[in-house]
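Taken in order, these protein sequences are the chains called A and B. Residue numbers for the first sequence follow our numbering, so the first one is 1 and each next one is one higher. Residue numbers for the second sequence follow our numbering, so the first one is 1001 and each next one is one higher. Input: a single structure, listed below in structure tokens.
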Amino acid sequence: AQKVTQAQTEISVVEKEDVTLDCVYETRDTTYYLFWYKQPPSGELVFLIRRNSFDEQNEISGRYSWNFQKSTSSFNFTITASQVVDSAVYFCAPISGYALNFGKGTSLLVTP
Amino acid sequence: DAEITQSPRHKITETGRQVTLACHQTWNHNNMFWYRQDLGHGLRLIHYSYGVQDTNKGEVSDGYSVSRSNTEDLPLTLESAASSQTSVYFCASSEGSLRTDTQYFGPGTRLTVL
């Protein structure tokens, strides 16, 4: 089974600050996929990124960037110049079996 | 635009009643999933399907059933609702591979069992 640890339960930042959400994963598989999802206060689950174990290139999408490092089993997520609309719970999740294995997530609060 | 919808969005029912939650996707995805989300438990898989007429149990399937008669729909039935089934239910779909493809979620159904 694969699982992740998101050690930061809650993070609070002021708008325009950069913030990094940590994700450490455990797996015995040589091939695996990791995902990040966002759950805003409205409750829906929004897909952000999918990464497979063969691709260690960092990914950037607008203000969002992801750093995947197999050597440290980490798949961290950085928001640059945070905005109030970024306030949400963020989940890093592997697929374990056929299910997304969401951990407890990191709750991010961005204040004006 | 293609999408995945759930209905109702909110439901209050009584213990012992049968309840059916609907999930409909227009992406023509092969795979569909039902999860429940509870504080302290994260997201847990109830049932999944990788095609028409296929259904499989997930981690917390007791008290729930699904049927897949077409590609677009995977209704979730609670045979006899219990207070422990009060939760937020999410339906999801993915295109091809159960193990690797991105799962896209519906907006969720908040179910309260009194």
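The C-beta atom is built at its ideal place from N, Cα and C for all residues, glycine as well.
- Selection B:Ser1069, B:Gly1108 and B:Ser1093 evaluated against B:Asp1101 yields B:Ser1093 as nearest (Cα-Cα).
- Of the candidates B:Thr1112, B:Leu1114 and B:Phe1105, B:Phe1105 places its Cα closest to the Cα of B:Gln1006.
- Counted as a single uninterrupted DSSP element, the beta strand (DSSP E) harbouring B:Asp1038 occupies residues Asn1031 to Asp1038.
- Residue nearest to B:Leu1078 within the set B:His1024, B:Gln1025, B:Thr1112 and B:Asp1038 is B:Thr1112 (criterion: CA-CA distance).
- DSSP assignment within the stretch 1014-1089 of chain B yields the following whole beta strand (DSSP E) runs of 3 residues or more, N-terminal first: 1019-1025, 1031-1038, 1042-1049, 1064-1066 and 1076-1078.
- About 6 Å separates the CB atoms of B:Tyr1035 and B:Arg1044; that is less than 8 Å, so the two are in contact.
- When C-alpha distances from B:Leu1114 are compared across B:Trp1027, B:Glu1059 and B:Thr1086, the shortest belongs to B:Thr1086.
- At a cut-off of 7 Å between C-beta atoms, A:Gly43 counts as an interface residue with respect to chain B.
- Comparing alpha-carbon positions, the option among A:Asn58, A:Tyr98 and A:Pro94 lying closest to A:Phe77 turns out to be A:Asn58.
- Per the coordinates, the alpha-carbon of B:Glu1003 lies some 13 Å from the alpha-carbon of B:Glu1095.
- A straight line joining the alpha-carbon of A:Lys104 with that of B:Thr1026 spans about 30 Å.
- For B:Arg1017 against B:Ala1081, the beta-carbon gap comes to about 5 Å, under 8 Å, which counts as contact.
- In the three-state DSSP reduction, A:Thr9 falls in the coil class, being neither helix nor strand.
- Setting aside the 5 residues that flank it on each side, A:Thr80 is surrounded in the same chain by Asp18 and Arg63, each with a C-beta closer than 6 Å to its C-beta; the list follows chain order.
- About 5 Å separates the CB atoms of B:Pro1075 and B:Ala1022; that is less than 8 Å, so the two are in contact.
- The C-beta of A:Leu100 comes closer than 7 Å to at least one C-beta of chain B.
- By the 16-neighbour rule on beta-carbons within 10 angstroms, B:His1029 is buried.
- The residues Phe77, Tyr90 and Thr106, in chain order, have a CB closer than 6 Å to that of A:Leu21 in the same chain once the five nearest residues on each side in sequence are set aside.
- Contact check between the stretch 65-77 of chain A and the stretch 21-34 of chain A: three or more CB pairs, one atom from each, fall below 8 Å, which counts as touching.
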